[in-house]
Structure formats: structure tokens, C-alpha cells
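Q: 487 is the number of the first residue of the sequence shown in this note's numbering; add one for each residue after it. Glycine included, every Cβ here is placed at the ideal spot set by N, Cα and C. Next up is a structure, given as C-alpha cells.
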Amino acid sequence: MSPSKQRRDEHRASAWRHFLNGAKGHASLASPCPQRSVASQRSSRNRRAQWIAWRSDRFSWVPKDRLWLLDRLGCAATAGTGSFGSFITSFAPEPGRMRLRDVFPIAPVAGVGHKPVSMTTVRWHVLLRFINVVLVSLNWLYGVKRSAAVPQAHTASQRTVVDSIVERSLSVLHRLQEVVDGEWERFLPDFVDIRGQKQPASTAFQDLVAERVDNLEFAAQCDPLPHLPAEVQSCLQKGIIESPPPGLHLFESFSRGSREEYAKLVIRQVRCGKLGLSTHCCGGGTSFAVGKHGGQRLREVWHGRRVSEAAARPPKPRHLASPTALTFLECSDARPFRLSKRDASCWFDQLRLPAHLRLYMAKPPLSTAELREAGMTDKEQQLHLEEGQLWREGPLFPLHHVWPMGFSWSSYIAQEEMLHVCREAGLDESVLLACDCTTPSSFELVAAVATDDVMLFSNVGEGTTLAAAQVLDAVIDARGAVRNAKKDVNDELCGTCVGVDLVNGCFLDVPGPRYLAMIMTFLHLHACRVASPQQVQQLLGMVQWYDLLVRPKLSVYSSIYAFTLSDDESERSLPGSILGELACSLCLGIFWRL
């Protein structure tokens, strides 16, 4: 026994004797241990204050110690979550002595047998509550009965499972703990209340401000038509809108901000070649602005739903990267993956739209007077009119000269053009990571393409992905395309690909800020118990994107599909079964790490 422990034991014994004497004569209660030094008493007070502050942190909206956030998620999973919550609270397996050959049923963990050495016992017991919710969730999915006879002592295989769950829970806790304020709020849906704080602008629809919308210096510089499959070229040349419905040319006027700002933006887009002007149109839609993640920039989106419905159905984009495609990567500690990335700037605005489709891609009209007031003279208006039209006083329709974001065909066209760029750079289908491609036989150099992003991976050491990226840069420049150099990643071990983090070249994981935002969104829905189908779909879409890393996890969902398929935009009471499926999914989010 160490001298310090011996002294502590003596002080405790002395304090106990004084307490007993004080209970009899009430004389020593004020100073139960007079032998303790001033420094010892001060240290004790500090520890007590720290403990009280730590315990109080659990009631913060976003606890500084994210352990309390996991605890809050686990507690929410047990209340108001339908049969799932009932199973968690009532799962009390009876002791059994039979042999158990399978992993399930598996009893909850008790004690400190699996506690990490670096974690205090008091924090371990908080984490243990969350770990047991995960374990019971797995029992629930497996179909274990609430009163199943389960040996309290875990078998060797069960201990391995528990160790894995503990390790994954600690990993999630570590990633959540690394998130700082300001990094995660932008991932919250706009319906989530932030306790007296203004919702970050980048998470919601915003009023249009022309200067905050990114524009190219020269738009429509790439013609994708010659690079499309022959049958698609033929379809586009014949026309993909053969029988437009009546009233397609009638659509909502601009209402997402001041018309002065809208006029300024239209003029900028006309001058760079993204738009033209027309005295009439055959179809169109309004436009609105949404905030971009990570800053004060805006993205303008064209509302092309009605035109898309009138058009022929587009082909499915080929070889599109996804989280599932990234799971095909194979590496080791000795051969980690290195990543290089390239991003095309405003990619849709670089792709030229065939002239015969322009009249269907109109935006809300502006009067010639509004354009004059915003700085475009009548002569300049005439210069930008569609071929064969004569200028006249009155309304002018801005027409897209590029494939607009918001039209059903645009994603297919953008993906095909980027695939053609990759082929010219020596990245053919044999090296692509996609669910509709054969997995490459070697990972010396592989690529993934997601519309405007190209990701290059290699497990043979430094330099390989950077050399391939430089070839890709040359092809992009030769085509007259513009890339966003600020987003370049050059031969790194860590990076983000299609929303998934590559960690140290060996792991795929959900970014901490996104996981935190998903938990907070669920806790908001759980507290309100009222939401519209669209709001629930926003959270479901985020969660299911990462479920593509572990596709069996999609089996959690059932009742939620009927709820989210409704077109009713009004808020309604959330059934416990839906909250239960979301709670189960988020608790099992520890398995997103691969």
C-alpha cells in the first residue's frame, strides 16, 4: 500500500469516528476531519465544484462533454418510441445456465469489466447506459423475446461483440468531442429551434442578394452534346419536350427577395453568357436562393419541376459515386489510401444547353424598365435577345443557355461530361468506384466521380494520386472548363468524399459535425413530437445517406416510409414507431465507421 493511500485511509477512519461521536453528542459535525490539511480541503472543494459543473453540463442544450449527448440520445430512445422503447425499458433477461452458441440473445453489460483504463468510473457508468441501449437495440432487431433466458456471463464471442461496441462508442464520442461550435449548426434543417439563437443562414432558404451568388466569368463554354451516347444525342436533337401541357409557360413570379436584387443577378448572368433574353417563352419556373455550407455564399436554384415532368424521362446517371461505392476500397495499415480531389466550379453553368431547349428554361420575367434601372441599356438588352427577336418595351424572359440546376436532365448531362473528362485523362471505367461498375482488381489508382467532383485514391504510396490529378487538370484546362482550385486536395491521408470522411487513409466514417446535427435534429423532433412529412424526410435522408456505408442498417426502417410519402405539408403528431426507428438508427450509427 502506498503512503498516500495509507494516509487517506487513516483520514477516512478518523472522519468516520468523528461522525459517530458527532451523531451522539452533535459536537463534531462541523469539522468531521480536523487532521486534513488546508491544501487537501481546497483540493476536495475543487473536485466537488468540477463534479457539480460536469453534472450540470448534462442539462445544457449542447453539452460540452458530448458524453451527455450520447446519454441524452439513449434516454430519448426509451421514452415515447413505441414498441422499440418498450422493449428497451422492459428487457430484463432471466438468468439462464444453458449453453449459448449464437451471439444473440446477449445480456446488457454490467460492472467495469470493459471499462477503458483512461476513463473514470463515473464517466464509464454514463457511457455504459448508451452502450446497453445499443446492445438491446441489436437484440430487438434480432427478434429476441423480452423475457428470454440469457446467461448473465458473456461468452467469448459475445465479449468480442461488446468490446467492438465499446470501441465504436468511444470513437463516436471522440469525434463528437472534436466538434466545435460553429462547425455543425449549418447542417441543421431550418425547422430546428436553436434555443434563442438565430438559425444559421446557410441552413435555410434566403432572400436573394446578387453579390452573394457565385457566377463564372464566362459560362456555357463546354458543349456536352458530342460526348453523350448516340441514342441520347438523337433524343436531345429530336426534342425531349414533344407535347408540352397547356399552361407550361405560366409560372410563379420571383418572390424570394427584392426585384432589384433579382434584376442585378439576371444582368450579371446575361453578361457572362449563362442567360439570354426573350420576348416570350414556352415553359419555365421561378428561382430561389439557398445558403451554401461553410460561408455566406448563396446558390441559385431554378424550380424546374413542371418542365421536368413535361420532358422525357432522363437516363439514370452512370457510375455515380456514393458511400456504398467507397466501401469497395481495400487497404491496410501498411498500405493506407491517399486521396486527391478536383472540383469543377459551377459545373452546371459551364455546360451549354441546346438552343432549341432554351425557350422551355425561362425564369420569371423582368420589364425593360427594371433592367434599365439595374444598369442594362436598351441597346445591351437588344444585343442579348434570342436570335431573330426584335426588342420592344415590356417584359423580357431570362432564358437559360446552360443546363440549369433544377431540371431533371441536368444531373445526367453533368455526370456524362465529367466521365468523358476522366476518360481523356486515362481514367476509364476499369478504375471507377461505383455500384454499377465492376470493382477494380487493383487499387494502385482508382477514381470516383460525383457530378462535379473527381476523387482519386491510391494505396501504393505518395505521389500517385497527385500525378493523376495533374493530368486531369490539364484535360480540364484544355476543354476550357473551370475548376475550383480552393477545393483541391493533393495526396492526403484524410479528406471528405461524397460527405464521408476518409480517416488516416484506413477508415471511412461519418463527419462529427453531421452526426451531431443529426442527433440534435432527432432530439428536437422527440421533444416536439410534431412534424411534417417533409421535415421527417430531411432527417431520414441524412441518416440513410450514411446507412449506405452499412446497407443492412436500412432494415431498421418500416413505418417511417408511409409517413414520409405523404404530400401533406402540414405538421402532425409523430407516432412512437417513427421516433423509435429514428432513435434505433442513430444509436446504431456507431457502426457507420468502417
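Can you tell me which of Thr863, Glu1067 and Leu1011 puts its alpha carbon nearest to the alpha carbon of Val678?
A: Leu1011
Q: If Phe814 sits next to Thr772, beta carbons under 8 Å apart, how far is it from one beta carbon to the other, in whole angstroms?
A: The distance from the Cβ of Phe814 to that of Thr772 is about 41 Å, inconsistent with a contact at the 8 Å cut-off.
Q: Tell me whether Trp788 sits in a helix, a strand or coil according to DSSP, three-state version.
A: Correct three-state label for Trp788: strand.
Q: Would you mind stating whether Arg824 and Leu958 have Cβ atoms separated by less than 9 Å?
A: no
Q: Should the region 616–633 be regarded as contacting the region 544–562, the criterion being three or more beta carbon pairs within less than 8 Å?
A: yes
Q: Sort out for me which residues DSSP pairs Lys827 with in a bridge.
A: Met941 and Val975
Q: Whole angstroms are fine: how far does the CA of Glu910 sit from the CA of Ile962?
A: 9 Å
Q: Identify, in the order they occur along the chain, each residue of the same chain with its Cβ nearer than 8 Å to the Cβ of Val1029, setting aside the five sequence neighbours on each side.
A: Met1004, Leu1068, Ser1071, Leu1072 and Gly1075
Q: Roughly how many angstroms lie between the CA atoms of Leu979 and Gly949, to the nearest whole one?
A: Going by the C-alpha atoms only, they are around 12 Å apart.
Q: Does any residue of chain C bring its CB to less than 9 Å from the CB of Ile651?
A: As a matter of chain content, chain C is missing from the structure shown, which is built from one protein chain.
Q: Can you say whether Phe893 is buried or exposed, counting buried as having 16 or more other CB atoms within 10 angstroms of its CB?
A: buried
Q: Hey, quick one: how far does the beta strand (DSSP E) through Asp995 stretch, first residue to last?
A: Phe993 to Asp995
Q: Out of Arg534, Ile727, Pro890 and Asp914, which one is the CA nearest neighbour of Arg785?
A: Pro890
Q: Check each candidate in Lys550, Thr765, Ala820 and His504 and name the one with the smallest Cα separation from Gly880.
A: Cα-wise, what sits closest to Gly880 is Thr765.
Q: With a 10 Å radius around its C-beta and 16 neighbouring C-beta atoms as the bar for buried, classify Glu903 as buried or exposed.
A: buried
Q: Could you check the C-alpha separation between Gly762 and Gly777 for me, to the nearest Å?
A: Computed Cα separation, rounded: 25 Å.
Q: Taking the CB atoms as reference points, tell me whether Pro594 and Tyr748 lie closer together than 9 Å.
A: no
Q: Does the beta-carbon distance from Ala1034 to Val935 come in below 9 Å?
A: One point to set straight first is that residue 1034 is Leu, not Ala, in the sequence displayed. No; because the gap between Cβ atoms is not below 9 Å, this pair is not in contact.
Q: Look up Phe883 in the DSSP assignment and give the residues it is bridged to.
A: Ser764
Q: On the three-state DSSP scale, how would you describe Arg838?
A: strand
Q: Below 8 Å, can you find three or more Cβ-Cβ pairs linking the region 862–876 to the region 975–991?
A: With a cut-off of 8 Å, the region 975–991 and the region 862–876 do not count as touching, because too few Cβ pairs lie within range.
Q: In whole angstroms, give me the CA-to-CA distance for Thr564 and Thr810.
A: 31 Å
Q: From Leu656 to His640, what distance separates their C-alpha atoms?
A: 21 Å
Q: Could you give the residue range of the alpha helix (DSSP H) that holds Leu559?
A: Start and end: Leu553 to Ala562.
Q: Between the alpha carbons of Asp938 and Val1022, how many angstroms are there, rounded?
A: Whole-angstrom Cα-Cα distance: 28 Å.
Q: Which of the three DSSP states is assigned to Arg804 in this structure?
A: coil
Q: The alpha helix (DSSP H) spanning Gln758 covers which residue range?
A: Position check: residue 758 holds Cys in this sequence, whereas Gln was assumed. Per DSSP, Cys758 belongs to the alpha helix (DSSP H) from Arg745 to Cys758.
Q: Whole angstroms are fine: how far does the CA of Ala954 sit from the CA of Cys817?
A: 19 Å
Q: Quick one, which of Pro1038, Arg1015 and Val648 has its alpha-carbon nearest Ile1064's?
A: Arg1015
Q: What is the DSSP secondary structure of Gln696, counted as helix, strand or coil?
A: As written in the sequence, residue 696 is Ala, which differs from the Gln given in the question. Of the three classes helix, strand and coil, the one that applies to Ala696 here is helix, per DSSP.
Q: If I'm right that Cys708 touches Gly966 with Cβ under 8 Å, what's the distance once you round it to whole angstroms?
A: Between Gly966 and Cys708 the Cβ distance is about 6 Å, and since that is below 8 Å, they are a contact.
Q: Give me, in chain order, the residues of the same chain whose beta-carbon lies closer than 8 Å to that of Glu859; leave out the 5 immediate sequence neighbours on both sides.
A: Glu746 and Ala749
Q: Could you check where the alpha helix (DSSP H) with Ser896 kicks off and where it finishes?
A: From DSSP, the alpha helix (DSSP H) with Ser896 extends over Ser896 to Glu910.
Q: Helix, strand or coil, according to DSSP, for Gly668 in the structure here?
A: coil
Q: Ignore the nearest five residues each way along the sequence and tell me which others in Gln875's own chain have a CB closer than 7 Å to its CB.
A: Ser764 and Thr765
Q: Sort Pro1038, Gln1020, Tyr1032 and Ser569 by Cα distance to Ala1048 and report the nearest one.
A: Gln1020
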